[in-house]
Structures are given as C-alpha cells and as structure tokens.
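Please read the structure below before turning to the comments.
In the numbering used here, the protein residues as written are 22 to 540.
In structure tokens:
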C-alpha cells in the first residue's frame, strides 16, 4: 500500500499544517488512533483502543540478522549470514538483531538528519486543540539504534537512527475519556534537535475526524452501525444468524464524507475467528487469519471494498453450519497530513455471527412444488423423510436424490520417511454433523450385519476391529464435529509400515445415519 497519498478535499486542505522540519524522506512522524466497536443485540459497545505516536528519523534496510555472535565477512556462506555480514549493531534493536547477536546484512541505510536519539525525556506536547489531554506532556519511549557500516571495508562509519513512540491505551469503559482527550485539530510537539538537543525542533501534525461507533450527542444519534445482517435474528447465545443455504446481505450506515475520505481511507470486510467462541461479546478475535476470505494477504486476509462509502455487501453461502465468528468492517486511513507527518488510523466495526441451517429455508428451496412440506413427511416418496434428506444433504423434492450411505474405504496420507504407517492414513469413513440446525437433531450411526434386515447402533467394536468416535475439529477458526470410524486392523501386524485394511468378516456389512428430532 502506498504510504505517500495526499488529500485534496477542501474540508481537509484548509486544516493541513506543514512540518517545520525539512521534508526528508527518512523522517516521519505518525499520529494515529485505533478503536474497535462491537455490536450486540442492545447496541454498539466500545471494545477499547489506542492513540499511537511514532517518530522515525533515519532508516536501515536489512536482509536479516545473523543468529550468531561471530562475524562472517563476504564470501563466507554460512546459514542466514550468507553472503556475509556488513553491519554491526552498537545500540538498540533492528529487525531481530540485538547486542548479543549484533551482525546484520545491510542493504540500505540513511542516518538521522534532524532529531537527536536517546533523549526521550526532552520530548513534549506543547499545544493541542481544546480537550482533556494534559499539556505540556511527555511520556515517550526511546527506540533509537546505531550501526557500524560497512564492516568489510576500511571506510567504516557509525550511523544513528532515531526512534520514539508513545502509546496511550484506553480500555473498554473509557470511550468517553478517549473522545475527551483525543480530538480533531492541530497538535504541536517539540523534539531534541540533532546535534543541539537543548534546542527544540518543533513538528506540527493534524488529526482529522474519523468515523466512530453509534452514539447520542446533543440529542442527536449518529455514527456507524450494522442495520441488516441476514434477517437480523439474534439467538440466545448472543450471535446474529447467517444463513447456511442463502447468500447473506450485510448493510450498515454511518460512513459519510464528513468523517470518511476517498483517496486516503480504505474499507475492508472479513470474518474472523473468536478466541473463545462461547463469548461473542468479550472475546478477542484471531488476527492474521480469517474464515472469510480464506486466503493469505500479508498475514491479514480481508476483502477491499470498491470505495469507503459503500453500505452493503453480500456473503456467499460457503460457511459450514455452526460456524461462529466475528464479521468485521475495518476502515483503514493512509494519509500524509504534512511534509513528514502521517495518519494510519483505523476503526474496526464488529458483529458476532453464527451460521445456522434452518429447515424452513431448505423446504422453501427444495420443496417449493410439494404440497406436504412437513419435516417428517416423505414429500418425494423415496423412502426417506424430509428431515433425513435435509440433514444428510439430499433433495427431498427429487425421488432420484437420496442420502448417500457411509461406505468404508482406504485413505492414505502422504508417507513420511522414517515413520511407520503414513500419518493420517486410515481405513474407514467420516460423517459430518450439522451443529447449528434449526430445529435441533440427533444423529445415530447404525450398522446392519444381515444386508439391511435389522439395524443396531454402531459403536466401537474391538472384537471386529472398529473404533467409533465423535471428534471436534477446528480449522481456520471453524469448529466442526465428525463421527470418525476407523479400522484397527493392519495388513500385517508384524510389519507396521503396512496400511490399515477392512476388518475381516465385515465386507458385507451396511452402515447408515439415523436422524431424529431432538426432544
């Protein structure tokens, strides 16, 4: 993403203040805020946030660092130190290098040009818009560093890189404090000048309005909120329902030109896994992965929407029944506010969702031409009632479509040299269970030893060599449940490299899943 965007809207340009220091490419000052809001049945709740300040003067680019205390000159090709170390860290931390492991493979560097390193106590906020934010104030942390470069030449020089940061954190119950302290306007900071740290070097940055969660101010309600997620059904566990069978329409309001700016704001949508699916209102989400979209994108999978003013999105019906997640809209600002000042603020708007599979939706799709749509009826007269066909994924309106019976078969995973039976290999079958069906159902796995004349519940059978287990699986944050049937019989017990096979005497056995309504 390009960090060097500029904004040309009249509303913004009237407030822009240029930095008083040279607009050198390696000097940057970032004022950004991050806030998260989560919507529940009763409204939108502030989840906490931070106000982040970061100054960097000078930069160093590296291929990596050598996890070794020894120096390897160019030409010594060893591990990650190839093609040789060229930089020596003398203070601070850079890209994983420490004083204990100080050698770097430097590709580019430029020393600080304006701000003195190592003088965090000298930094002050000298002026700001009318707010509850104390001023003058400091509280910065030093993140400066220095490197000797280039080690394999006689012209070794020391390069200093200045870094300072200050992160103000606000908890879930401090939305009012956040909004009282951090307001739009011009913020004036002074830093120690390079070479003359007793002389202040002023930098001016601007904070612009950004979309916030729904709130009442001056008897007016404004801000972001989700207005439609599927049919706006909230369940007793605190999730709003997504449909398993139909596309889900998501709508929202509150992203307006007064707080969202085309050209510097991007809007993304995603579905994130909950760290604790039993706590939709309080649990954090798992970042760096996503249920939707299911691909990697710089460790933050999400879908970029056409523009930040869009107010609707339709999710495809591709999620397993029972999926519990956080649907998230993220507004990401990418704005150069002055010669050396930047704003990378973001707002995350979330709502907990659960994918449910309703019989009424199934019947509307598959039984539109049938008179009797009752769940225990056999609408197509194929010997399977509508309940069974719904749960086992066949079409109850088509007599040619019937549930597929489980059938034991071999599954061979990739063999790993040096291991016995290839890891994950088995002989047997799986039955996937729907964990959020409406109405709820019960599954019973059955076996017939007489070609279907009589049926019995199929449980673990050590005599014949079967195990039957109900297993919970978590993949990309999606929790699913399977009945797993596995053979315990090897082709040759004395040779464990052989595969599992059909247990003797079971070749003509039949299997089925009996589905009933839960009481």
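Just so it is clear, CB atoms sit at the ideal spot from N, CA and C, and this is done for glycine as well.
Per DSSP, the bridge partner or partners of residue i
i, result
"residue 455", "DSSP output for residue 455 lists no bridge partner at all."
"residue 351", "289 and 369"
"residue 65", "60"
"residue 477", "468"
"residue 430", "449"
"residue 129", "82"
"residue 496", "499"
Distance CB(residue i)-CB(residue j) smaller than 9 Å
i, j, result
"residue 498", "residue 293", "yes"
"residue 330", "residue 49", "no"
"residue 307", "residue 343", "no"
"residue 210", "residue 130", "no"
"residue 53", "residue 67", "no"
"residue 448", "residue 434", "no"
"residue 370", "residue 382", "no"
"residue 548", "residue 408", "As displayed, the chain neither begins before 22 nor continues past 540, which places residue 548 out of reach and without an answer."
"residue 316", "residue 340", "no"
"residue 469", "residue 475", "yes"
"residue 236", "residue 277", "no"
"residue 140", "residue 213", "yes"
"residue 75", "residue 229", "no"
"residue 218", "residue 143", "yes"
"residue 266", "residue 155", "no"
Residues near residue i by beta carbon distance below 6 Å, same chain, minus five either side
i, result
"residue 44", "Only weak support is given to the placement of residue 44: the predicted model assigns it a pLDDT of 40, under 50, and the question is left unresolved by the model."
"residue 192", "69"
"residue 271", "250 and 334"
"residue 61", "302"
"residue 298", "345"
Same chain, Cβ closer than 7 Å to residue i, neighbours up to 5 away in sequence not counted
i, result
"residue 109", "123, 124, 168, 169 and 172"
"residue 151", "none"
"residue 600", "Since the first residue of the chain shown is 22 and the last is 540, residue 600 is not available in this structure."
"residue 255", "62 and 261"
Residue i versus residue j - alpha carbon distance
i, j, result
"residue 234", "residue 65", "7 Å"
"residue 492", "residue 244", "44 Å"
"residue 335", "residue 324", "12 Å"
"residue 427", "residue 290", "38 Å"
"residue 287", "residue 281", "9 Å"
"residue 419", "residue 530", "28 Å"
"residue 546", "residue 239", "Outside the displayed range of the chain (22 to 540) lies residue 546, so it cannot be described from this structure."
"residue 367", "residue 321", "14 Å"
"residue 262", "residue 248", "14 Å"
"residue 31", "residue 354", "Reliability fails at residue 31, whose pLDDT of 28 lies under 50, so the model's placement of it is uncertain and no value is given."
"residue 146", "residue 206", "14 Å"
"residue 46", "residue 83", "Caution is warranted here: a pLDDT of 48 is assigned to residue 46, below 50, making its placement in the model unreliable, and no coordinate value can be reported."
"residue 490", "residue 525", "21 Å"
"residue 242", "residue 161", "36 Å"
"residue 505", "residue 183", "58 Å"
"residue 417", "residue 55", "50 Å"
"residue 189", "residue 225", "19 Å"
"residue 117", "residue 356", "28 Å"
"residue 58", "residue 385", "36 Å"
"residue 404", "residue 463", "19 Å"
"residue 607", "residue 390", "Given a span of 22 to 540 for the chain in the structure shown, any question on residue 607 remains unanswerable."
"residue 486", "residue 495", "27 Å"
"residue 533", "residue 466", "6 Å"
"residue 327", "residue 347", "21 Å"
"residue 455", "residue 157", "59 Å"
"residue 136", "residue 284", "31 Å"
"residue 260", "residue 500", "15 Å"
"residue 554", "residue 216", "Nothing can be reported for residue 554, as the shown portion of the chain is limited to 22 through 540."
"residue 77", "residue 138", "10 Å"
Beta carbon proximity, residue i to chain C, threshold 9 Å
i, result
"residue 482", "Among the chains in the structure shown there is no chain C, since it carries only a single protein chain."
Same chain, Cβ closer than 8 Å to residue i, neighbours up to 5 away in sequence not counted
i, result
"residue 115", "81, 83, 86, 125, 166, 168 and 182"
My parser needs the beta strand (DSSP E) runs of 3 or more residues fully inside the region 209 to 290; what are they? 217 to 228, 236 to 238, 241 to 243, 246 to 250, 261 to 264 and 269 to 274
Runs of 3 residues minimum, wholly inside the region 295 to 328: which ones carry the beta strand (DSSP E) assignment? none
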